[in-house]
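In what follows, a structure is listed as structure tokens, so that the remarks can point back to it.
Number of protein chains: 2
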Amino acid sequence: MSKSAAILVIGDEILSGRTQDTNSGHIARVLAGLGIALMEIRVVGDDEERIVEALNSLRRTHDLVFTTGGIGPTHDDITADAVAKAFGVSIGYHPEAWRLLEARYPPGEFNEARKRMARVPQGAALIPNAVSVAPGFHIGNVYVMAGVPMVMRAMLEQVVPELPRGRPSIAITIEAGVMEGTVAAGLAAIQKREREVAIGSYPFYRDTGSGVQLVARGQDPEAVERAATAIEAHLHALGVAAQRIKRVVPDGQS
Amino acid sequence: MSKSAAILVIGDEILSGRTQDTNSGHIARVLAGLGIALMEIRVVGDDEERIVEALNSLRRTHDLVFTTGGIGPTHDDITADAVAKAFGVSIGYHPEAWRLLEARYPPGEFNEARKRMARVPQGAALIPNAVSVAPGFHIGNVYVMAGVPMVMRAMLEQVVPELPRGRPSIAITIEAGVMEGTVAAGLAAIQKREREVAIGSYPFYRDTGSGVQLVARGQDPEAVERAATAIEAHLHALGVAAQRIKRVVPDGQS
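Protein chains in written order, with the working numbering: chain A, 494 to 747; chain B, 494 to 747.
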């Protein structure tokens, strides 16, 4: 049975539409490759009560939770405090985080704001930050990472080796210049036979023509291949040209 | 008091990392311009139970809920059924939706799959689709829209005139080539004085240099301007060059 995961994105800048969240897509692709089932993404603002509520809901219903955002030095960075509150533990300076950060700044520049980045909840383990030093942390089943994409990715790389592995999710994508409504009945019949495979249908509209991408996705490579072949045979029977635009790759990795 | 809103994004393709969700950012910017406070975004897969649970949670805690995805003709399009179940109402063919769709296809091509797109929950009102005919719908405080961005945007345009208005959110962004930790204490002091304004700090790392974007955001234009001016004065006092890269615009609209 695959482990389940959720992502909690923290930041007013996502909810205002100022910033496009790309972190959750990146985490999603990494998790798919590890065979961990991402079940939900939530975005909340820089509000302690809402972070606590969302985190407690997600960490109780999923094996793993990944948060992004809110661990910098400014007043709006409140994730560490909110995580401590969610877990009902105290928060304080972590000696190793303090040492790393103190060493980073010239004498006199390790100020109060920067010291805030050394505060982690009691019992948390640090996640190293190869980009900008200030660490993330891991407590219980929750991984707390930065919001800046480059920093978040560096932290996730550190976390990956300790994550549980399942069977990676595999996807085959077939693109055809046909309308969804024409292939829907055939797809439904294939889906009915292939219970272990999730068959998705995604229409596209391009200047060069519209059509549909049909995706067979699952953890059993043989079943995914069988479903993809059945989709191709169905399109052939309808007289529709089709091509595999992605081969068998971990879902989302190509 | 501003109305509150949530977005429910529905689709396996987001959770697998295959597709980058851009719909919620677009809705976020439109809502900010209308003065509606977006409080949460959730993403769930094509799973009836999870859609029902998320929708019932969100529609009870927010004034408005916008969903995207899952209203096409294929077997994985289950949003309409899930919404009916969440509201505890029956679902059936909507006469006007049927008429629109029937007129769209050549004789004999309005097949069972396409007829599915005419199914809406009892009591729902249609949301016109100027791009590809198949409508969205509105029931209670929930607006159900397509997942294809071009179609979603066309539906949202139809919905906007009937949404409640508040004071639009206004943002001023100031960019400076300085580290967050240097300005954090001054920012916190300004935030403490300007309770009606949310001051956000967003570091960036570019090939041309790193720095921070400081955003003053709120519904009172005078308070936002006062906070922005205070931020500029603080940067000036630190000897840091700064520039307003966005003027006073509805949040996220520039």
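Don't be surprised by glycine CBs; every beta carbon is placed ideally from N, CA and C. Because the structure is a prediction, the values reported are computed rather than measured.
Residue-level contact by beta carbon holds for Gln684 (chain A) and chain B, with a gap shorter than 9 Å.
For the set A:Val613, A:Arg553, A:Gln651, A:Ile503, the Cα lying nearest the Cα of Glu542 (chain A) is the one of A:Ile503. For Leu531 (chain A), the C-beta contacts it makes with chain B under 7 Å involve Leu508, in order along the chain. Counting only the Cα atoms, Tyr586 (chain B) lies some 57 Å from Ile724 (chain B). Only Ala691, Ile692, Gly693, Ser694, Tyr695, Pro696, Phe697, Tyr698 from the segment 687-699 of chain A bring a Cβ to less than 9 Å from some Cβ of chain B. By the neighbour-count criterion, in which 16 or more other beta carbons inside 10 Å mark a residue as buried, Asp539 (chain B) falls on the buried side. By the CB criterion at 9 Å, Pro614 (chain A) and Ile584 (chain A) fall inside the cutoff. Shown here is that no member of the segment 713-735 of chain B has a Cβ falling below 9 Å from a Cβ of chain A. According to the DSSP secondary-structure assignment, Arg535 (chain B) is paired through a beta bridge with A:Arg535, B:Leu501. Bounds of the beta strand (DSSP E) holding Gly585 (chain B) are 584-586.
Separation of Pro661 (chain A) and Ile529 (chain A) (C-alpha to C-alpha, rounded to the nearest whole angstrom) is 7 Å.
The beta-bridge partner set that DSSP reports for His631 (chain B) consists of B:Ala618, B:Tyr636. Less than 9 Å divides the Cβ of Ala547 (chain B) from the Cβ of Leu501 (chain B). Rounded to whole angstroms, the gap between the alpha carbons of Pro628 (chain B) and Asn634 (chain A) is 42 Å. When DSSP reads this structure, Ile692 (chain A) sits in a beta bridge with A:Ala709. Taking 9 Å as the Cβ-Cβ cut-off, the segment 660-680 of chain B approaches chain A at Ser662, Ala664, Thr666, Met672, Glu673, Gly674, Thr675, Val676, Ala677, Ala678, Leu680, given in chain order.
Closer than 9 Å at the C-beta level to chain B, one finds these residues of the segment 583-615 of chain A: Tyr598, Glu602, Phe603, Asn604, Glu605, Ala606, Arg607, Arg609, Met610.
For the pair Asn604 (chain B) and Glu718 (chain B), the Cα-to-Cα distance works out to about 58 Å. Residues are counted here when their Cβ sits less than 7 Å from a Cβ of chain A; for the segment 550-584 of chain B these are Gly565, Pro566, Thr567, His568, Asp569, given in chain order. Taking 9 Å as the cut-off, the Cβ atoms of Ile667 (chain B) and Ala709 (chain B) count as close.
The alpha-carbon of Gly510 (chain A) is positioned some 19 Å away from that of Pro714 (chain B).
Around the CB of Ala596 (chain A), fewer than 16 other CB atoms lie within 10 Å, so the residue is classed as exposed. Of all alpha-carbon atoms in A:Arg612, A:Gln712, A:Asp569, A:Leu551, the one lying nearest the alpha-carbon of Trp591 (chain A) is that of A:Arg612.
Thr515 (chain A) sits exposed, since fewer than 16 C-beta atoms from the chains shown fall within 10 Å of its C-beta.
Counting C-beta atoms within 10 angstroms of its own C-beta, Val653 (chain A) has fewer than 16 neighbours from the protein chains shown and is therefore classed as exposed. A distance below 7 Å between beta-carbons, with the five flanking residues on each side excluded, links Val690 (chain B) to the following residues of its chain, in chain order: Ala709, Arg710, Gly711, Ala716, Val717, Ala720. Phe580 (chain B): not part of any beta strand (DSSP E); member of the alpha helix (DSSP H) spanning 572-580, first to last residue. DSSP places Thr561 (chain A) inside the beta strand (DSSP E), whose first and last residues are 557-561. From the beta-carbon of Ala525 (chain A), the residues of chain B found nearer than 7 Å are Ser509, Gly510. Of the residues B:Val733, B:Glu506, B:Gly526, the one whose Cα lies closest to the Cα of His519 (chain A) is B:Glu506.
When the alpha-carbon of Asn622 (chain B) is set against those of B:Met648, B:Ile632, B:Lys608, B:Asp574, the nearest one is in B:Met648.
What Gly518 (chain A) touches in chain B, judged by beta-carbon distance under 7 Å, is Gly510, Gln513, going in chain order. For Leu551 (chain A) and Gly526 (chain A), the gap between their C-alpha atoms comes out near 22 Å.
The residues Leu501, Ala547, in chain order, have a CB closer than 6 Å to that of Arg535 (chain B) in the same chain once the five nearest residues on each side in sequence are set aside. Residues of the segment 642-656 of chain A whose Cβ lies closer than 9 Å to any Cβ of chain B, in chain order: Met643, Val644. Identification of chain B residues near Arg522 (chain A) by a Cβ-Cβ cut-off of 7 Å yields Gly510, ordered along the chain.
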